[in-house]
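Here the sequence shown stands for residues 1 to 513, where the numbers follow UniProt numbering.
Even for Gly, the Cβ is constructed at its ideal location relative to N, Cα and C.
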Amino acid sequence: MAMLTVSNLSTPNGATPSTTPNPSLSRSHHSRTSSSTPATSFSASQQRTHDLTLEIEYLRAHLHSTQETLQTVYLDLEDSRARIAQDTVLIGGLQDKVVELEALVQKQKVTISNQSKTISDPRLIRKQQQKHPSCGNGAVVPITPQRHAQGQGQCQGLSPFESPYSAMSGFSGASGASGVGVEYLPPPPMFDVNGNGVVPQFPGQCQDQPLPGVNPLPLPSIWDPLAWSNGSPYAVAYLDPTACIAEFSSRLRELWAKTELFGQVHANIPSVYNDSHLDKRVKEYIMSVSDRQGASSLLGSPATRFFLVAKAINAFLVHDVLKVRIIKGFDEQADMEIGGIKKQLFPDTPTPVRHIMIIAMTTKIQTLKTKPGFIDFCQQKTRDHMHKLWHLIGPLTHPQSNTTIDPITGNSQAWTDLSAIVSEAEMLALDMYSVPFEYQSEFPAVNEAFDPVTMANSDAFVTGDPMVLAESDCRVRLGVTPVVRARDNSDCEVGVVRVVSMGNVLLRMGGHK
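Dropping the structure here:
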């Protein structure tokens, strides 16, 4: 207020004082105002920069933590993948083991279903048979189909593929007990004497040689199971399981030896051209009886070719000939009855029931063998089997074996010899199923462990003591012959399983494929 008064007093002429601000004062005030605004802005900017720096550091720390977590998860993932791979390998091995165990269980199903069954070593029953005087080469009657019904003379020469067993089976001649039609005795090889007191024929033994010290026994023309319990001495001879097993074992070994000999004589010259041009069905069959990887090498070597040919023949005989269906087609009613019995037989069927059913089936087969026309039926069976088998084996034989003609049969020598083998197998099948036994035939599988109890080593390159070979983890390269087991159902209390024929095998050392 004092300033205004001074101003008014200094105004000349009494003029009204000016209210315009003092320029210097205004500049000074503006200068003070302007100088305070940038300082505030700079402080806010610094705060924001600091905040951003803190946020960046936090994000960096969070990123680093996330990266560490991701690295840990990645390592866990890799570890899980490794464990999964290991588990996959382990599971695969376990699955293979399960398959092997299932196959083993399937093979032993009959044995383990009956705790009373035991398997005996066939070497215990392979005792030397009593030697009898013989004449010539011990041959009696050829087994070729054309000669089954002919009354050949004694001790005539035979082909190595023919057998005297045709003279003792239902194919050969009539019984001396009846003069009407054709009558068949029970299978002579396993029973001590026939109605005339004549010794049953064995390889190397002549006909009509009486058994010393044995009186002739009147034998029924049809086997009667009721004779088991009547104290008949015939029944005792008939039901000697050890003798039956020994006889069948001997005849099976002879049969397998002839198939091997056939391979050596007629089919053991490898030909790359001929083998590569085999019919597809023949190739598939050969691979099915060995394996796809090994069939070519086995067929291409003279040291193993005849074994593979023998295996091809043996597989056909086991699957098509050595079966109870060998009589199928002769009598429709009998086929129905036998088929009905087979449908009721299971691994766990009680022994007494199994005993009755097997006896009924055996009796029916014995009855069929006495009917007219049975010889012709069996000869036709031989021809049918030969046509099927020849389509598979014929292409493997030598050309010269097919150009050499047998003067008696008019067929090629290979055909004649193979026909003799088939015919002998049919004889054996009829005799095997004319006694109350059940049979199981299984070829040792490729890569199966060598078992000296049931297998015999035929390999010329892998040799040694059987137990040592087994301990060396030797494996089957080819199962040439089957392991044949027989269950004795003649006793209604216990059914004993015995090994009738061991499986001949080719081997390879463990770990080699």
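Please report the straight-line C-alpha distance between residue 350 and residue 446, rounded to a whole angstrom.
For the purposes of this step, residue 350 is taken as the residue at position 350 of the sequence shown. For the purposes of this step, residue 446 is taken as the residue at position 446 of the sequence shown. In this structure, the CA atom of residue 350 is about 34 angstroms from the CA atom of residue 446.
Can you tell me whether DSSP reads residue 509 as helix, strand or coil?
Start at 1 with the first residue of the sequence shown, and residue 509 comes out as number 509. In the three-state DSSP reduction, residue 509 falls in the coil class, being neither helix nor strand.
What are the boundary residues of the beta strand (DSSP E) that includes residue 457?
For the purposes of this step, residue 457 is identified with residue 457 of the sequence shown, where counting begins at 1. Per DSSP, the unbroken beta strand (DSSP E) holding residue 457 starts and ends at 455-457.
Please identify the residue among 310, 104, 89 and 246 whose C-alpha is closest to the C-alpha of residue 258.
Numbered from 1 along the sequence shown, position 258 holds the residue referred to as residue 258. Considering only 310, 104, 89 and 246, the residue with the shortest C-alpha distance to residue 258 is 310.
Mind checking residue 53: buried by the 16 CB within 10 Å criterion, or exposed?
Your numbering for residue 53 matches position 53 in the sequence shown. It is exposed - the Cβ of residue 53 has fewer than 16 other Cβ atoms within 10 Å.
Would residue 444 and residue 484 qualify as a contact pair, given that the criterion is a beta-carbon distance under 8 angstroms?
Residue mapping note: residue 444 aligns to position 444 of the sequence shown, counting from 1. Residue mapping note: residue 484 aligns to position 484 of the sequence shown, counting from 1. No, the pair does not count as a contact, with Cβ atoms beyond the cut-off.
Backbone CA spacing between residue 508 and residue 487 [nearest angstrom]
Translated into positions along the sequence shown, residue 508 becomes position 508. Translated into positions along the sequence shown, residue 487 becomes position 487. Going from the Cα of residue 508 to the Cα of residue 487 covers about 32 angstroms.
Let me confirm a value: residue 281 is counted as buried when at least 16 other C-beta atoms fall within 10 Å, else exposed. Which label applies?
Position 281 of the sequence shown, counting from 1, holds the residue named residue 281. Label assigned to residue 281: exposed.
Residue 457 burial status per 10 Å Cβ neighbour count (16 or more: buried):
Along the sequence shown, read from residue 1 onward, the residue named residue 457 stands at position 457. Its Cβ being crowded by 16 or more others within 10 Å, residue 457 is buried.
Pair within 8 angstroms by beta-carbon distance, residue 292 and residue 495:
For the purposes of this step, residue 292 is taken as residue 292 along the sequence shown, with counting starting at 1. For the purposes of this step, residue 495 is taken as residue 495 along the sequence shown, with counting starting at 1. In this structure, residue 292 sits away from residue 495, with a CB-CB distance that is not shorter than 8 angstroms.
Closest residue to residue 422 among 48, 243, 434 and 318 (Cα-Cα distance):
On the sequence shown, position 422 is the one that residue 422 refers to. Of the candidates 48, 243, 434 and 318, the one whose C-alpha sits nearest the C-alpha of residue 422 is 318.
Rounded separation between residue 472 and residue 510 - CA only:
Counted from its first residue, the sequence shown places residue 472 at position 472. Counted from its first residue, the sequence shown places residue 510 at position 510. The alpha-carbon of residue 472 is positioned some 7 angstroms away from that of residue 510.
Buried versus exposed, by CB contacts within 10 Å (16 or more), residue 504:
Here residue 504 refers to the residue found at position 504 when the sequence shown is read from its first residue. In summary, residue 504 is buried, with 16 or more beta-carbon neighbours lying within 10 Å of its beta-carbon over all protein chains present.
Within 10 Å of its beta-carbon, does residue 373 have 16 or more other beta-carbons around it, so buried, or fewer, so exposed?
Here the question's residue 373 lines up with position 373 in the sequence shown. When all chains shown are included, residue 373 counts as exposed.
Where residue 322 falls: helix, strand or coil (DSSP):
Numbered from 1 along the sequence shown, position 322 holds the residue referred to as residue 322. Three-state DSSP puts residue 322 in coil, outside helix and strand.
Residue 290 burial status per 10 Å Cβ neighbour count (16 or more: buried)
Taking the sequence shown and counting its residues from 1, one reaches residue 290 at position 290. Buried.
Please report the distance separating the alpha-carbon of residue 300 from that of residue 377.
Indexing the sequence shown from 1 puts residue 300 at position 300. Indexing the sequence shown from 1 puts residue 377 at position 377. If I take the Cα positions, the gap works out to 39 angstroms.
CA nearest to the CA of residue 321, picked from 418, 501 and 385:
The residue given as residue 321 occupies position 321 in the sequence shown. Ranked by how close their Cα comes to the Cα of residue 321, the residues 418, 501 and 385 have 385 in first place.
Whole-Å CB distance - residue 482 paired with residue 314, under 8 angstroms assumed:
Reading the sequence shown from its first residue, position 482 is the one you call residue 482. Reading the sequence shown from its first residue, position 314 is the one you call residue 314. Contact holds; Cβ gap of about 7 angstroms.
Sequence-distant residues of the same chain with beta carbon closer than 6 angstroms to residue 396, five excluded per side
To locate residue 396, count along the sequence shown from 1; it is residue 396. In chain order, 267 and 309 place their CB closer than 6 angstroms to the CB of residue 396, counting only its own chain and leaving out the 5 sequence neighbours on each side.
Where the beta strand (DSSP E) containing residue 440 begins and where it ends:
On the sequence shown, residue 440 is found 440 positions in, with the first residue counted as 1. For residue 440, the enclosing beta strand (DSSP E) stretches over residues 437-442.
Can at least three beta-carbon pairs, one atom from the region 387-404 and one from the region 451-467, be found at a separation below 8 angstroms?
In this structure the region 387-404 does not touch the region 451-467; the number of beta carbon pairs closer than 8 angstroms is below three.
Grab the span of the alpha helix (DSSP H) containing residue 486 for me, first residue to last.
Position 486 of the sequence shown holds residue 486. Taken as a continuous stretch (DSSP letters only), residue 486 belongs to no alpha helix (DSSP H), being part of the beta strand (DSSP E) at 483-488.
The alpha helix (DSSP H) with residue 498 in it runs from where to where?
In the sequence shown, residue 498 corresponds to position 498, counting from 1. Note, residue 498: premise wrong, no alpha helix (DSSP H); beta strand (DSSP E) at 496-501.
Can you grab the Cα-Cα spacing for the pair residue 459 / residue 427, in whole Å?
Taking the first residue of the sequence shown as position 1, residue 459 is located at position 459. Taking the first residue of the sequence shown as position 1, residue 427 is located at position 427. Those two C-alpha atoms are separated by around 30 angstroms.
Using a Cβ-Cβ cutoff of less than 8 angstroms, which residues in the same chain neighbour residue 371 once the five nearest sequence positions on both sides are dropped?
What you label residue 371 is simply residue 371 of the sequence shown in a count that begins at 1. Cβ-Cβ distances below 8 angstroms link residue 371 to 330 and 331 in the same chain, with the five nearest sequence neighbours on each side left out; the list follows chain order.
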